[in-house]
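Protein chains in written order, with the UniProt record's numbering: chain C, 1 to 644; chain U, 1 to 146. Note that CB positions come from ideal geometry on N, CA and C, so glycine has one too. Beneath this line is the structure, given in structure tokens, with notes to follow.
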Amino acid sequence: MIAETGLAALWLAAGLAALQLILGIAALRTEFAAERAMRGIAVVQGVLTLLAFAMLLIVFARTDLSVALVFENSHSAKPFIYKVAGAWGNHEGSMLLWVTVLSASGAFLALLSRRIGESTLTAALGAQAALALGFYAFLLVASNPFARLDPAPIEGRGLNPLLQDPGLAFHPPTLYLGYVGLSVAFSLAVGALLTRQVDSRLGRAMRPWVLAAWIMLTLGITAGSYWAYYELGWGGWWFWDPVENASLMPWLAATALLHSINVLAARGALKAWTMMLAVIAFSMSMVGTFLVRSGVLTSVHAFAIDPERGTFLLALLAIYVGAAFTLFALRGATLKEGAPFELVSRESGLVINNLLLSVILAIVFLGTLYPLFVEAISGEKLSVGAPYFNAVAGPLALLLAVLVGVGPLLAWRRERRAILPKLRVPALLGITALVVTIVLAPGIAILPRLALGVAAFLGAAAILPLVGRNPLRAPPETWGMVVAHVGIAVALAGMAANAAFTTERLAVARLGEALDVGPWVVRLESVAPTAGANWTAIEAQLRASRGAAPIVLKPQTRYFSDPPTETNEAAIQTFWNGQLYTVVGKPDPSGAWQLRLWWKPFVTLIWLGGAIIALGGAIALFGRALRAWRARRKREPNWRERYI
Amino acid sequence: MKPKNQRLILVAAALFAVVAAALLAMWGLREQASYFFTPADIAAGKASEGKAMRLGGMVQAHSIQRQGDGLTIRFVVTDGKATTPVVYRGIVPDLFREGSGAVAEGRLQNGTFMADTILAKHDERYMPPELGNLSAEHKAGGTLER
């Protein structure tokens, strides 16, 4: 019954989405007052998909093997948390999560939106319903998560062991909240273009949605990066894998949108540009979904290969993106540009930020899709990896990071003062960092060296907006910006330090033998079998010392029987100045063991920086919300009686 | 600045960015993309020495030889028509075996493929996509592991 309840809820939600879309069209074409009804429908729709998702969690938690999806992806002997998280560790479940976030976003838009006009809101809710409808259809027709098996098998096939990790519980939901949360910006942009009400009010209404989605996306990408880093045992934190790029592309677009939307909200300018970015951001989410879920690429995360699904998703992508761009082409040129600005101004700075982010986005996009195009056209197979992305996008990202230090110092509309003198201290720091690396580490590559200098510059320059004023009186969004920009400097420093100073040691060691890696001496003490709930393992015991008290690391090779797989469990020890990363390989015939050791100075700054960037976003989001709430309470002292 | 001029400048800047991105990407792709070859392609002389590429095929039975250092292995990759010898130093992926599929990334040097990384079938269900045509038992699903 549980699976059937979930399926029924989905069908019902799809029906409501169709109704919501019809009401939206009616409201747009006539004077029909649909706002209240549409808000109600959107909320119910959100509740129904949440119910369907809850049903999926229940069948997974109970390992109900009569549900085909559970049989394919679960096993009764799996730890409970992976039974539950396994619900979205597969194609159908993850698409259900996607759709749930989509309609929950629509429900929140219906519940919370008070700032925009009625007609724009109904048009936006109509657009959100149109999006939801397509993806409900995809779920119900091509990816039903609740399909039954009769008779029920006695045991499931198990979950891919690489996914049996706490990362699975956190990474996909956060990523999807960000990815799919951008649908609200898309719908608001489509709604505003339809009603021709693109103004600063729309900018202010759209901003918290973009910011919230962007925060989740930042957290999701950061968490995914750390997960891949420790789980795969390859010692890398970003592989330029197409699936990673699929999450990076919406982030780049959302970051650009986050900045241009401030120009729209504050100055009423960059209207067409901001609408375009809002459309592109969610389009990138859909492109990402297509890449990952259609099985068109096969990589670390792509679990499914099914041409039917691919065609379906491609059709949805073409319809939505095509419709949005057609609308943009028809209406974009008729938008009146808002307040003008001079060449040297905050607005110009944000335009340059947007252009650089867009160029980086295009480079990632082309690099990710090029192999698919070539294969489709000529049948030739090729791959595009880190050498391309680092060489082409890396220098642009560094240039952008430099400008991040400059842009916030510019005044709106027109900058009359000279701002370069303010940057004296940061520039001095950056140059000092460069000189120090040239003297102390002459052998490192040019890009990491420059990145270290830029990180030092930006770390200081990012704080300047708080200098020369009482920092406690600075508005929360200024604090948020400063924190996020410092986060970029921190992450950049981590990436550069990892690229420049990592030492790797690959060797065969006998029991008792010691190996050097960086400042460490690592001794192989013993190798012994061990076991967990659903795996057995060979575990090496390593004792690492650097003068003072030694520490013990226990890397493993794990063997899973359902499905039959081996995984490497790296043992990682974190210190304030870096991580010691150890992997054990195979024994050679003489009984010695392969060991792979890395000393990675300051690598943790990468993820710390990502978390700081998200924190900055959260400060701006909640700070603004708090201020708006206070203002409303002041304006309407009796609001409590009216709403509660 | 007049609003009309401002819009023109913005459009010009956006166009410039698009063209710049496309040119940069084309340059980068021409320099850095690595093509996929089978042993038959290499035998036919399609692959040039020293350029980054990927080699795919089945690991020939009884061809894996461990070298004295315990880390370097030599093996032969075949696609049924031709064979290519491969040298790799490092920890091989978990399911790298004789008789199963593998993709190696690296460069060709005097007819021997010097592999930097080896991608192999990760679990019982998965095989690198390029090997789809080489094996009748190729089935969908799974993940790729280095």
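In whole angstroms, what separates the C-alpha of residue i from that of residue j?
i                     : j              : result
A497 (chain C)        : R309 (chain C) : 42 Å
G443 (chain C)        : A17 (chain U)  : 34 Å
T143 (chain U)        : A266 (chain C) : Residue placement at T143 (chain U) cannot be trusted, given a pLDDT of 33 that sits under 50; the coordinates are not used to answer.
V583 (chain C)        : K600 (chain C) : 14 Å
residue 712 (chain C) : Q556 (chain C) : Outside the shown range of chain C (1 to 644) lies residue 712 (chain C), about which nothing can therefore be said.
I377 (chain C)        : P475 (chain C) : 54 Å
M53 (chain U)         : T565 (chain C) : 28 Å
V482 (chain C)        : L466 (chain C) : 8 Å
R546 (chain C)        : S34 (chain U)  : 41 Å
F622 (chain C)        : L202 (chain C) : 19 Å
F328 (chain C)        : S348 (chain C) : 23 Å
G89 (chain C)         : N73 (chain C)  : 8 Å
M275 (chain C)        : A281 (chain C) : 10 Å
L23 (chain U)         : V359 (chain C) : 11 Å
I438 (chain C)        : A614 (chain C) : 33 Å
A82 (chain U)         : A315 (chain C) : 41 Å
P153 (chain C)        : G6 (chain C)   : 21 Å
T78 (chain U)         : G156 (chain C) : 35 Å
I118 (chain U)        : F96 (chain U)  : 9 Å
V292 (chain C)        : V103 (chain U) : 21 Å
A52 (chain C)         : G93 (chain C)  : 11 Å
Any beta-carbon of chain U closer than 8 Å to the one on residue i?
i                     : result
S358 (chain C)        : yes
K586 (chain C)        : yes
K381 (chain C)        : yes
E477 (chain C)        : no
G512 (chain C)        : no
Y581 (chain C)        : no
residue 649 (chain C) : Absent from the structure is residue 649 (chain C), since the part of chain C shown begins at 1 and ends at 644.
P212 (chain C)        : Sequence inspection shows Ala at residue 212 (chain C); the Pro mentioned does not correspond to that position. Cβ-Cβ to chain U under 8 Å: no for A212 (chain C).
P340 (chain C)        : yes
L366 (chain C)        : yes
I319 (chain C)        : no
A132 (chain C)        : no
R596 (chain C)        : yes
P387 (chain C)        : yes
With 8 Å as the threshold, decide whether the Cβ of residue i is near any Cβ in chain C.
i             : result
S34 (chain U) : yes
G40 (chain U) : It should be noted that the sequence gives Ala, not Gly, for residue 40 (chain U). So, not an interface residue.
D79 (chain U) : no
Q6 (chain U)  : yes
Are residue i and residue j close, meaning C-beta to C-beta below 8 Å?
i              : j              : result
Y229 (chain C) : G236 (chain C) : yes
A514 (chain C) : V521 (chain C) : yes
V392 (chain C) : G28 (chain U)  : yes
L350 (chain C) : H259 (chain C) : yes
Y226 (chain C) : L159 (chain C) : no
Q573 (chain C) : L553 (chain C) : yes
L140 (chain C) : A324 (chain C) : no
K84 (chain U)  : P39 (chain U)  : The sequence given here has Thr at residue 84 (chain U), not Lys. Cβ distance < 8 Å, so T84 (chain U) and P39 (chain U) count as in contact.
A333 (chain C) : A278 (chain C) : no
L65 (chain C)  : P145 (chain C) : no
At the 8 Å Cβ level, is residue i part of the contact set with chain B, yes or no?
i              : result
G106 (chain U) : Among the protein chains of the structure shown, namely C and U, there is no chain B.
Tell me the DSSP secondary structure of residue i in three-state form.
i              : result
I551 (chain C) : strand
V436 (chain C) : helix
L580 (chain C) : strand
W593 (chain C) : strand
R125 (chain U) : The predicted model places R125 (chain U) with a pLDDT of 44, which falls under 50 and marks its position as unreliable; any figure quoted below should be read in that light. In the structure shown, R125 (chain U) sits in coil (DSSP, three-state: anything other than H, G, I, E or B).
T502 (chain C) : coil
E72 (chain C)  : helix
V521 (chain C) : strand
W88 (chain C)  : helix
V86 (chain U)  : strand
I200 (chain C) : Checking the displayed sequence, the identity of residue 200 (chain C) turns out to be Ser instead of Ile. Correct three-state label for S200 (chain C): helix.
E155 (chain C) : coil
Quiz item: Touch check for the region 449-465 of chain C and the region 481-494 of chain C: three-plus C-beta pairs under 8 Å?
Solution: yes
Quiz item: With contact counted as at least three CB pairs below 8 Å, one residue from each stretch, are the region 74-81 of chain C and the region 13-21 of chain C in contact?
Solution: Result no; under three Cβ-Cβ pairs closer than 8 Å.
Quiz item: Are three or more beta carbon pairs between the region 94-103 of chain C and the region 40-59 of chain C nearer than 8 Å?
Solution: yes
Practice problem: Take every Cβ of the region 109-121 of chain C, pair it with every Cβ of the region 23-39 of chain C, and state whether three or more of those distances are shorter than 8 Å. | Solution: yes
Quiz prompt | the region 197-209 of chain C / the region 128-148 of chain C touching (three or more Cβ pairs under 8 Å) | solution = no
Quiz item: Counting Cβ pairs, one atom from each stretch, are 3 or more of them under 8 Å apart for the region 622-639 of chain C and the region 533-540 of chain C?
Solution: no
Quiz item: Given 8 Å as the limit, is there contact between the region 62-71 of chain U and the region 407-417 of chain C, that is, 3 or more CB pairs closer than that?
Solution: no
Quiz item: Three or more beta-carbon pairs under 8 Å between the region 248-255 of chain C and the region 361-368 of chain C, yes or no?
Solution: yes
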